[in-house]
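Student: Below you will find the structure I want to go over with you.
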Amino acid sequence: MQLFNNKIDYPLRYQSKHLSKIVLIQFLLIFVTLYLFKPFTVNVTEQELNYLTICCLHALSPALIVYLYFSTLTRFRKRNQINNWTLKKEFFHAAIVFLIIGLSGFLLRNVIYTNPDNISWRYLWEEIRNAYLAGLVFCFYLIFTKLYINSTIDKSPNYHTDAVTQEPLKQYLTVPSIFIKAHVRIDDFYFKANDLLFAKAEGNYISLTTVKDGFLKTELKRISLKQLETQLTVYPNLLRCHRSYILNIQQVVKISGNSQGYLISFNNTEDKVPVSRAYLNVFDQIYQQEPNLAC
Numbered sequence: 370m371q372l373f374n375n376k377i378d379y380p381l382r383y384q385s386k387h388l389s390k391i392v393l394i395q396f397l398l399i400f401v402t403l404y405l406f407k408p409f410t411v412n413v414t415e416q417e418l419n420y421l422t423i424c425c426l427h428a429l430s431p432a433l434i435v436y437l438y439f440s441t442l443t444r445f446r447k448r449n450q451i452n453n454w455t456l457k458k459e460f461f462h463a464a465i466v467f468l469i470i471g472l473s474g475f476l477l478r479n480v481i482y483t484n485p486d487n488i489s490w491r492y493l494w495e496e497i498r499n500a501y502l503a504g505l506v507f508c509f510y511l512i513f514t515k516l517y518i519n520s521t522i523d524k525s526p527n528y529h530t531d532a533v534t535q536e537p538l539k540q541y542l543t544v545p546s547i548f549i550k551a552h553v554r555i556d557d558f559y560f561k562a563n564d565l566l567f568a569k570a571e572g573n574y575i576s577l578t579t580v581k582d583g584f585l586k587t588e589l590k591r592i593s594l595k596q597l598e599t600q601l602t603v604y605p606n607l608l609r610c611h612r613s614y615i616l617n618i619q620q621v622v623k624i625s626g627n628s629q630g631y632l633i634s635f636n637n638t639e640d641k642v643p644v645s646r647a648y649l650n651v652f653d654q655i656y657q658q659e660p661n662l663a664c
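In terms of the numbering used here, the sequence shown opens at residue 370 and continues consecutively.
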């Protein structure tokens, strides 16, 4: 049960640009399946509309429900700065969506069919059951597609790099995500350079604080700050500023302090990061080179 309660990232698939693609795929899969295979038994004499229109309605209705539900959920979470997500919540919201889709299919019966028993417990149960069955099939399709893509990436000969050379440097600068290699492969991780606010040393671990689409997230990673710093040398904006901190100089919004040291403020968090005296010159030099930043 702990697996279902572990905190995970809020899925990118529920954010606008990804959600619209998934909904389009969902619409096409449902439409093609209904039109070509006719998986559910229907009485043609009861149909008030032609079968092509019926397929469009049955495919469009769940697509709109999924898009409206999850886009509303994403906006609500962003507005209220809610960044916790678990598998339990994933299944809970999926179950609600399937129920709404089943209810919409039940209400559509009066538009599509002339059957006098359209509004009955039998058809209510049938539509909800069909919604859950079709929804689970679609979910399994998404899961296995993702697993296939991940396994393909994982088998790529360029997935791991043991040293940073001039040729990989060009690749690192063009790829939006940074790959961090830990001592043990299972502890390897990615993060986007632009999302990082700061990293803080926690013994042999670091706490990585990032902000993605307005959501603040802090994760504990099993790697030392020195190891992380070594792998970030190709990113001058990700700067060691203290014996316990690395910060993203592009995320700085306010600097306070004097020649003895600074305190750095960021958006989306009340936490402040110190710049110790030993790192002031390097910090000032890089900070002044950033065209969009000002003290």
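Cβ coordinates follow ideal geometry from the N, Cα and C atoms, glycine included.
In this text the structure is predicted, and so the values were computed from the model without any measurement.
Which of helix, strand or coil does DSSP assign to Gly504?
Tutor: Of the three classes helix, strand and coil, the one that applies to Gly504 here is helix, per DSSP.
Student: Suppose contacts are defined by Cβ-Cβ distances below 8 Å. Is Ile633 in contact with Gln600 by that definition?
Tutor: No, the Cβ-Cβ distance between Ile633 and Gln600 is not below 8 Å.
Student: Among residues of its own chain, excluding the 5 on either side of Gln540, which ones have a beta-carbon nearer than 7 Å to its beta-carbon?
Tutor: Note that Gln540 scores 43 on pLDDT, short of 50, meaning its location in the model is unreliable; the coordinates nonetheless yield the value given after this. Around Gln540: no qualifying Cβ.
Student: Between Trp598 and Ile624, which are expected to be in contact by the criterion C-beta below 8 Å, what is the C-beta distance as a whole number of angstroms?
Tutor: It should be noted that the sequence gives Glu, not Trp, for residue 598. Wrong, their Cβ atoms sit about 21 Å apart, outside the cutoff.
Student: Note the first and the last residue of the continuous beta strand (DSSP E) segment covering Asn627.
Tutor: 621 to 627 is the extent of the beta strand (DSSP E) around Asn627.
Student: Counting C-beta neighbours from all protein chains within 10 Å, is the total for Ser389 16 or more, i.e. buried, or is it exposed?
Tutor: Ser389 comes out exposed.
Student: State yes or no: is the C-beta of Gln620 within less than 8 Å of the C-beta of Phe635?
Tutor: Yes, Cβ-Cβ distance for Gln620 and Phe635 is below 8 Å.
Student: Give the single residue among Leu607, Pro380, Ser546 whose Cα lies nearest to the Cα of Leu456.
Tutor: The residue with the shortest Cα to Cα distance from Leu456 is Pro380.
Student: Among Leu403, Tyr631, Ile488, Leu594, which one has its Cα closest to the Cα of Pro643?
Tutor: Looking at the Cα atoms, Tyr631 is the closest of the given residues.
Student: Drop a sphere of 10 angstroms on the beta-carbon of Asn606, count the other beta-carbons inside from all chains shown, and report buried for 16 or more, exposed for fewer.
Tutor: Classification of Asn606: buried, given that the 10 Å Cβ count is 16 or more.
Student: I need the straight-line Cα distance from Cys610 to Leu565, nearest angstrom please.
Tutor: Between Cys610 and Leu565, the C-alpha separation is close to 14 Å.
Student: Pull the bridge partners of Thr673 from the DSSP assignment, please.
Tutor: This structure does not reach residue 673, given that the chain is present from 370 up to 664, and the question cannot be answered.
Student: With 16 other CB atoms within 10 Å as the buried threshold, where does Lys595 fall?
Tutor: With fewer than 16 Cβ atoms within 10 Å of its Cβ, Lys595 is classed as exposed.
Student: Count the other C-beta atoms from every protein chain shown that fall within 10 angstroms of the C-beta of Pro485, then say buried if there are 16 or more, exposed otherwise.
Tutor: Answer is exposed; the Cβ neighbour count stays below 16.
Student: For Pro431, name the three-state secondary structure that DSSP assigns.
Tutor: Looking at Pro431 - three-state DSSP - the assignment turns out to be helix.
Student: Going by C-alpha to C-alpha distance, which of Ser628, Lys586, Phe406 sits closest to Trp454?
Tutor: The option with the nearest alpha carbon to Trp454 is Lys586.
Student: My guess is that Ile481 and Gln416 are in contact by the Cβ rule of under 8 Å, so how many angstroms apart are they, rounded?
Tutor: About 7 Å; that satisfies the 8 Å criterion.
Student: Please name the residue or residues paired with Tyr665 in a DSSP beta bridge.
Tutor: Residue 665 is absent from the model: the chain starts at 370 and stops at 664.
Student: Going by beta carbon distance, what residues of the same chain come within less than 7 Å of Arg646, once the five residues before and after it are set aside?
Tutor: Around Arg646: Gln629, Gly630.
Student: Going by DSSP, name the residue or residues bridged to Gln596.
Tutor: Bridge partners of Gln596: none, in fact.
Student: At what residues does the alpha helix (DSSP H) containing Val466 begin and finish?
Tutor: Element bounds for Val466: 456 to 481.
Student: Between Val411 and Thr483, what straight-line distance do the alpha-carbon atoms span, to the nearest angstrom?
Tutor: If I take the Cα positions, the gap works out to 12 Å.
Student: Report all residues from its chain with a CB closer than 6 Å to the CB of Gly583; omit the five preceding and five following residues, and keep chain order.
Tutor: Correct list, in chain order: Lys447.
Student: Does the beta-carbon distance from Gln593 to Asn617 come in below 8 Å?
Tutor: What sits at residue 593 in the sequence shown is Ser, not Gln. Contact flag unset, no.
Student: Kindly confirm or deny that the segment 486 to 494 and the segment 398 to 408 touch, where touching means at least three C-beta pairs closer than 8 Å.
Tutor: At 8 Å Cβ cutoff, the stretches do not touch.
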